[in-house]
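So for the sequence shown, the working numbering puts the first residue at 5; every next one is plus one.
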Amino acid sequence: MYNFFDVGMDIDKNNIKDSDGNAFVFNKTLQVFDALKGPATQEEAMIKKGKVFATIQSRIEPQKKMARFRDLYIVLTSIAATLLIVVSGVSISRSESQEAINLEESITEQIVEVYSPTGMISKLTLPDGSKVILNNNSKLSYPALFAENERKIMLNGEAFFEIEKDSLKPFLIKTKGLDVRVLGTSFNLKAYEVDNETILSLKDGIVQAETIRKGEKENIKLVPGEQLVVDRLTETLERKKVNINWYTAWVDGKMVYRDETLSRILKDIEQRFDIDIVVQDSSLLKDKYFVSFLHGETVKQMLFLLSYKREWGYTMKNDEQVIITKKS
């Protein structure tokens, strides 16, 4: 039988076989590979075709399990989608003239979706070798094999990218309200669809961001150490110099804020803990804070530090909702 793991797929066989459902999909996929196996020349042709199978990778590696959180659940679709890429839509033919061609064309059209749930940080490698660290409650969508002229992906959430250089194939990230185009660089992009703001922070290289304001396209180039904040609600832009380390601390499970509004801090806490925070007096949201959470603090510990010597208090309801009220 064709060894699925000989062509670069970074998936744990034991994890797949732990579930009856996974095992079924896995065994069916192996049958497909077995059917494709023919003379050595055919096998070499398939692998030579851009190392097609080797590039269908998610390499999803749970990074940090924070207190109180569920096991990483890359929505079985991260494994199933990768496997089903081969199962669905692939024209299996014993004809030597079309085996490799049909396979590559079909794989290029398949979309892989990776979801990092509440409290988890996930690490993956894209088909071109680019590295991505995906924050909690974030989803990344990308083709199993990039097209010849561009590398295009979609992000809903937050991720840190290290993009492989390829001058002939630009890298494009599409988010709600902002598109980011790069050739090879590292940066942080925060673009949750439920939030009004999209935040791009550049560590190395040069990126070009494109957004639409008042019906007109606007392009902005950033250099290392710069940040672009796009408010989709007010259609305003803010470009400024920042300490990038503050905005990438989450990669190591930390939360660092310097002169940051309570509004933005609370949004991050909501995302991290999947909790609803209701602020009864909106004037509190504009207050600025210098605070760091470095040791896996709980929601209660964070709220205690934030409210210390401030004009507000909080009440927790069933670990699912927090009510913040101004002190009288």
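C-beta atoms are modelled at their ideal positions from N, C-alpha and C, and glycine is treated no differently.
Q) Over what stretch of residues does the alpha helix (DSSP H) that includes residue 267 continue unbroken? A) 266 to 277
Q.
Per the DSSP calculation, residue 306 is bridged to which residue(s)?
A. Partner(s): none; residue 306 has no beta bridge.
Q.
Does residue 167 pass the burial test, meaning 16 or more other C-beta atoms within 10 Å, or should it be called exposed?
A. buried
**Q.** Bridge partners - residue 160, DSSP secondary structure assignment
**A.** 143
Q) Can you tell me where the beta strand (DSSP E) with residue 223 in it begins and where it stops? A) 220 to 226
Q.
Quick check: what's the CA-CA separation for residue 122 versus residue 326?
A. 17 Å
Q. What is the residue span of the alpha helix (DSSP H) that residue 322 lies within?
A. It is not in any alpha helix (DSSP H) - residue 322 carries neither H nor E in the DSSP assignment.
**Q.** residue 281 versus residue 311 - alpha carbon distance
**A.** 14 Å
(Q) Let me make sure I understand the geometry here. Which of 247, 319, 188 has the alpha-carbon closest to that of residue 169? (A) 188
Q. Taking the continuous beta strand (DSSP E) assigned at residue 153, which residues delimit it?
A. Residue 153 -> no beta strand (DSSP E), and no H or E assigned at all.
Q: Measure the C-alpha to C-alpha separation of residue 133 and residue 154 and round it to an integer number of angstroms.
A: 14 Å
Q.
How far does the beta strand (DSSP E) with residue 251 in it extend, from its first residue to its last?
A. First-last for residue 251: 248 to 251, but that is the alpha helix (DSSP H), not the beta strand (DSSP E).
Q. Apart from the five residues just before and just after residue 324, which ones in its own chain have a Cβ nearer than 7 Å to its Cβ?
A. 279, 280
Q. If you draw a straight line from the C-alpha of residue 275 to the C-alpha of residue 198, how long is it?
A. 10 Å
Q: Could you tell me the boundaries of the beta strand (DSSP E) in which residue 293 lies?
A: 292 to 297
Q: Using the Cα positions of residue 331 and residue 283, report the straight-line distance between them to the nearest angstrom.
A: 12 Å
Q: Drop a sphere of 10 angstroms on the beta-carbon of residue 244, count the other beta-carbons inside from all chains shown, and report buried for 16 or more, exposed for fewer.
A: exposed
Q. Do residue 293 and residue 261 have their C-beta atoms within less than 8 Å of each other?
A. yes
Q) If you run the structure through DSSP and keep just helix, strand and coil, what is residue 132? A) coil
(Q) According to DSSP, is residue 30 part of a helix, a strand, or is it coil? (A) Because residue 30 carries a pLDDT of 49, less than 50, the predicted location of this residue cannot be relied on, and no value is offered for it.
Q: Would you give the residue range spanned by the beta strand (DSSP E) that residue 201 belongs to?
A: 201 to 208
Q: Assign residue 287 to one of two classes, buried (16 or more other C-beta atoms within 10 Å of its C-beta) or exposed (fewer than that).
A: exposed
Q: Apply the 10 Å Cβ neighbour rule to residue 297 and answer buried if 16 or more other Cβ atoms are within range, or exposed otherwise.
A: buried
Q: Measure the C-alpha to C-alpha separation of residue 265 and residue 152 and round it to an integer number of angstroms.
A: 43 Å
Q. Is it the case that the Cβ atoms of residue 200 and residue 232 are separated by a distance below 8 Å?
A. no
Q | Cβ shell of residue 242 (< 6 Å), same chain only, five flanking positions each side left out | A | 233
Q.
Give me, in chain order, the residues of the same chain whose beta-carbon lies closer than 6 Å to that of residue 255; leave out the 5 immediate sequence neighbours on both sides.
A. 137, 164
Q. With a CB to CB cut of under 6 Å and the five nearest residues on each side skipped, what residues in its chain are close to residue 253?
A. 260
Q.
Measuring straight from C-alpha to C-alpha, what distance separates residue 214 and residue 225?
A. 9 Å
Q. Which value, in whole angstroms, describes the spacing of the CA atoms of residue 210 and residue 175?
A. 12 Å
Q) Do residue 219 and residue 196 have their C-beta atoms within less than 8 Å of each other? A) no
Q. In terms of residue numbering, what span does the beta strand (DSSP E) encompassing residue 176 cover?
A. 175 to 179
Q. Going along the chain, which residues of its own chain have a beta-carbon closer than 6 Å to the beta-carbon of residue 246, five neighbours each way excluded?
A. 231
**Q.** Distance between residue 126 and residue 217 (C-alpha atoms, nearest Å)
**A.** 33 Å
Q) If you run the structure through DSSP and keep just helix, strand and coil, what is residue 171? A) coil
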